[in-house]
Amino acid sequence: MQAIARTEVEDFLFAEAELLDEWRLPEWLELFTDDAIYYVPATDLAVDASPDNNLFYVADDRFRLSERVKRLMKRTAHAEFPHSRTRHLVSNVRIRKQIGDELEVSSAFITYRTKDGVTDTYFGSNRYRLLPGNGTFRIKEKRCLLDSEGLRGQGRVSIIL
Amino acid sequence: MNAFQRMNTALMVDESKKIFKVSRQAFVDPEILEAERTRIFDKCWLYLGHSSELAKPGDFVTRQVGGRNILFARDGKGNLKAMLNTCPHRGAQVCREKHGSAKSFQCFYHGWVFGLDGKLRSQPGETSYAEDFKERSTSNMQQVPRFESYRDFNFICFDKGVEDLSDYLGPVKEYLDVICDQAETGMTIVGGTQEYSMRANWKLLTENSIDGYHALTTHATYLDYLKSATGALAQVAFEGSARDLGKGHAVLEYKAPWGRPVAQWIPSWGEEGKRELSRLYDGLLARFGKERADRIATFNRNLFIFPNLVINDIMAVTVRTYYPAAPDFMNISAWALAPREETEWARKYRLFNFLEFLGPGGFATPDDVEALEQCQRGFRNSAEAQWNDISKGMGKANPSYDDELQMRAFWSNWNEHVFRVPA
Numbered sequence: 073m074q075a076i077a078r079t080e081v082e083d084f085l086f087a088e089a090e091l092l093d094e095w096r097l098p099e100w101l102e103l104f105t106d107d108a109i110y111y112v113p114a115t116d117l118a119v120d121a122s123p124d125n126n127l128f129y130v131a132d133d134r135f136r137l138s139e140r141v142k143r144l145m146k147r148t149a150h151a152e153f154p155h156s157r158t159r160h161l162v163s164n165v166r167i168r169k170q171i172g173d174e175l176e177v178s179s180a181f182i183t184y185r186t187k188d189g190v191t192d193t194y195f196g197s198n199r200y201r202l203l204p205g206n207g208t209f210r211i212k213e214k215r216c217l218l219d220s221e222g223l224r225g226q227g228r229v230s231i232i233l
Numbered sequence: 002m003n004a005f006q007r008m009n010t011a012l013m014v015d016e017s018k019k020i021f022k023v024s025r026q027a028f029v030d031p032e033i034l035e036a037e038r039t040r041i042f043d044k045c046w047l048y049l050g051h052s053s054e055l056a057k058p059g060d061f062v063t064r065q066v067g068g069r070n071i072l073f074a075r076d077g078k079g080n081l082k083a084m085l086n087t088c089p090h091r092g093a094q095v096c097r098e099k100h101g102s103a104k105s106f107q108c109f110y111h112g113w114v115f116g117l118d119g120k121l122r123s124q125p126g127e128t129s130y131a132e133d134f135k136e137r138s139t140s141n142m143q144q145v146p147r148f149e150s151y152r153d154f155n156f157i158c159f160d161k162g163v164e165d166l167s168d169y170l171g172p173v174k175e176y177l178d179v180i181c182d183q184a185e186t187g188m189t190i191v192g193g194t195q196e197y198s199m200r201a202n203w204k205l206l207t208e209n210s211i212d213g214y215h216a217l218t219t220h221a222t223y224l225d226y227l228k229s230a231t232g233a234l235a236q237v238a239f240e241g242s243a244r245d246l247g248k249g250h251a252v253l254e255y256k257a258p259w260g261r262p263v264a265q266w267i268p269s270w271g272e273e274g275k276r277e278l279s280r281l282y283d284g285l286l287a288r289f290g291k292e293r294a295d296r297i298a299t300f301n302r303n304l305f306i307f308p309n310l311v312i313n314d315i316m317a318v319t320v321r322t323y324y325p326a327a328p329d330f331m332n333i334s335a336w337a338l339a340p341r342e343e344t345e346w347a348r349k350y351r352l353f354n355f356l357e358f359l360g361p362g363g364f365a366t367p368d369d370v371e372a373l374e375q376c377q378r379g380f381r382n383s384a385e386a387q388w389n390d391i392s393k394g395m396g397k398a399n400p401s402y403d404d405e406l407q408m409r410a411f412w413s414n415w416n417e418h419v420f421r422v423p424a
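If you read the protein sequences in the order shown, they are chains A and B.
Position 10 (the first sequence) corresponds to 82 in the numbering used here; numbering is contiguous.
Position 240 (the second sequence) corresponds to 241 in the numbering used here; numbering is contiguous.
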């Protein structure tokens, strides 16, 4: 398989961030494979901990992720109605490994969320498993590792990080 | 004389007219918070942690309880210790890690070394100290004034004269028994702590944790989710009752239509789940008989232990405690509790269930956070719009789970503490 340039991965992650910031969540969901997972572990766990035997903040399979998207697009998702304004900044993108078709990618992130005159900052790293194809990628796994001590400042993860 | 001293209650109560109102001042006034610190958090039993968090000798956690830094450790003999995490020498926090395992604790400032039980073992320059220095109790890390436990739930109190924990809990114990009896070999805290916060007064979370009335509106999207997740509901009507357990404690007990990994099956758990749950149910039946087995397996409990511990035995079991940092800010810690002997299947579904609803990334808790923060915003109008109403179901012989008896139980006891004239 042809080597993949970091810039291709960056373009993809920047586009993902844009979809999130524009609240185009149904389109964002399409980036994920049918068996994809999206995890935000509790911050006192090992980075590779499993949600089968540890308490996470978010551990979505593809079905629950699609329900999360549906929920966030409703007026009755009170935590995000009216929608917060967000800005997902993606940086320090690295291709860690390529095994067969699959790419392991890491990035650093800072996400700002503003609502009702209050701004929250989320920061940490994302670990992706990506499948290349048709000049783009699909996400098989997105594991979002918060660097903060829990959510002491932010209080909730009502947006997608 | 300040505003707080001029008041002698924050409540407006008239049983005959079924009026129960709470002054919004109670949620915003810094002097009220100060009174809560000295008259509630310094006087009541407070939850410290669960014995399972310290499995082996040397295991420890550090946490904030009632405004203090506490070191909770299992010593070499296997005994649990609750110590004030401050060096007797010059005051520095001795243990600076959140959790771990240790052979001893060393204060890095001057190098004093303490045993797992807090006793001073050695200090640099020992010969410069009095000969009996190490034998003095004042040379050791200080134990918390009171430390007792019930069924592996460990509590501390900063008031030496407080009644025994067993008396304090009273009828709460029976509910803790029902929750703990779902396990044959004891309950355990599952790895991973949810630490979050809300820009709201801590008492709002007390109310919200035992408020059955808000579910249909606040959690509309969660109920949508259950409907859309085919087979996520059991054929059970949503009904139940509320009880005042005295001393501010209260409970809701009700049948709920979601799956319970104790032994209430839902179709989406498939045949494997059915086999597993029927095995669990048979175990309960053999140990407790049908009535209690049904209660353990199919009923939900939202248990509130005054002043700030909530154990929700619902689609999973959550243990949650919270403290005010300011009148309009609280810090919350939450854990998942599960039977120690649970199979991988049951543990996985329990946690899956937990995250569907609970926690700051779930489909429900963020909306609770929003609701409570909006209440706190509303209280900015408290000079003119002065009162909260919690009279729902007043005077009813059998208050329903969605009445507000449980909140009145909390507030009456809160009022006793905060406005009691010191003896």
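Virtual Cβ for every residue (Gly too), placed ideally from N, Cα, C.
Which whole-angstrom value describes the C-beta separation of residue i and residue j, a residue pair presumed to lie in contact below a C-beta threshold of 8 angstroms?
i	j	result
residue 201 of chain B	residue 49 of chain B	Not confirmed; about 24 angstroms, so no contact.
residue 251 of chain B	residue 65 of chain B	Not quite, the Cβ-Cβ distance comes to about 25 angstroms (not below 8 angstroms), so this is no contact.
residue 129 of chain A	residue 229 of chain A	6 angstroms
residue 126 of chain A	residue 117 of chain A	5 angstroms
residue 176 of chain B	residue 304 of chain B	5 angstroms
residue 364 of chain B	residue 358 of chain B	6 angstroms
residue 419 of chain B	residue 40 of chain B	6 angstroms
Can the beta-carbon of residue i be found closer than 7 angstroms to that of residue j?
i	j	result
residue 163 of chain A	residue 85 of chain A	no
residue 161 of chain A	residue 182 of chain A	yes
residue 329 of chain B	residue 377 of chain B	yes
residue 46 of chain B	residue 134 of chain B	no
residue 63 of chain B	residue 96 of chain B	yes
residue 341 of chain B	residue 194 of chain B	no
residue 134 of chain A	residue 222 of chain B	no
residue 184 of chain B	residue 262 of chain B	no
residue 410 of chain B	residue 212 of chain B	no
residue 227 of chain B	residue 233 of chain B	yes
residue 160 of chain B	residue 44 of chain B	yes
residue 158 of chain A	residue 231 of chain A	yes
Between the Cα of residue i and those of the options, spot the shortest distance and give me the residue it belongs to.
i	options	result
residue 275 of chain B	B/282, B/266 and B/283	B/266
residue 114 of chain A	A/222, A/232 and A/233	A/222
residue 105 of chain B	B/98, B/99, B/111 and B/115	B/115
residue 237 of chain B	B/221, B/260, B/166 and B/226	B/260
residue 84 of chain B	B/15, B/19, B/109 and B/118	B/118
residue 153 of chain B	B/392, B/128 and B/320	B/320
residue 205 of chain A	A/90, A/92 and A/104	A/104
residue 25 of chain B	B/146, B/296, B/390 and B/91	B/390
residue 79 of chain B	B/357, B/125, B/110 and B/54	B/54
residue 162 of chain B	B/145, B/177 and B/173	B/145
residue 401 of chain B	B/112, B/209, B/255 and B/218	B/255
residue 412 of chain B	B/334, B/367, B/249 and B/337	B/249
residue 1 of chain B	B/297, B/177, B/313 and B/37	This structure leaves residue 1 of chain B out entirely; chain B is present only between 2 and 424.
residue 61 of chain B	B/29, B/98 and B/30	B/98
residue 297 of chain B	B/14, B/313 and B/398	B/313
residue 142 of chain B	B/94, B/167 and B/227	B/94
residue 300 of chain B	B/271, B/327 and B/258	B/258
residue 190 of chain B	B/419, B/56 and B/362	B/56
residue 233 of chain A	A/224, A/209, A/120 and A/199	A/199
residue 189 of chain A	A/156, A/197 and A/107	A/156
Using the three-state DSSP reduction, which class does residue i fall into: helix, strand or coil?
i	result
residue 325 of chain B	strand
residue 205 of chain A	strand
residue 382 of chain B	helix
residue 65 of chain B	strand
residue 101 of chain B	strand
residue 353 of chain B	helix
residue 258 of chain B	coil
residue 71 of chain B	strand
residue 134 of chain B	helix
residue 58 of chain B	coil
residue 198 of chain A	strand
residue 186 of chain B	coil
residue 232 of chain A	coil
residue 404 of chain B	coil
residue 179 of chain A	strand
residue 103 of chain A	coil
residue 419 of chain B	helix
residue 186 of chain A	strand
Verify the CB distance criterion: does residue i have a CB-CB separation below 7 angstroms to chain D?
i	result
residue 124 of chain A	Going by chain labels, chain D is absent from the structure shown, which instead holds the protein chains A and B.
Note to self: Just to confirm the assignment: which complete alpha helix (DSSP H) runs, minimum length 4, are found wholly within the region 110-164 of chain A?
What the structure shows: Within the region 110-164 of chain A, the complete alpha helix (DSSP H) runs of at least 4 residues are 134-144.
Checklist line | Within the region 136-183 of chain B, ranges of the alpha helix (DSSP H) (whole runs, at least 4 residues) | finding: DSSP runs (the alpha helix (DSSP H)) wholly in the region 136-183 of chain B: 166-170 and 173-181.
Item checked: Contiguous beta strand (DSSP E) assignments of at least 3 residues, all confined to the region 227-296 of chain B -> Complete beta strand (DSSP E) runs here, min 3: 240-245 and 251-256.
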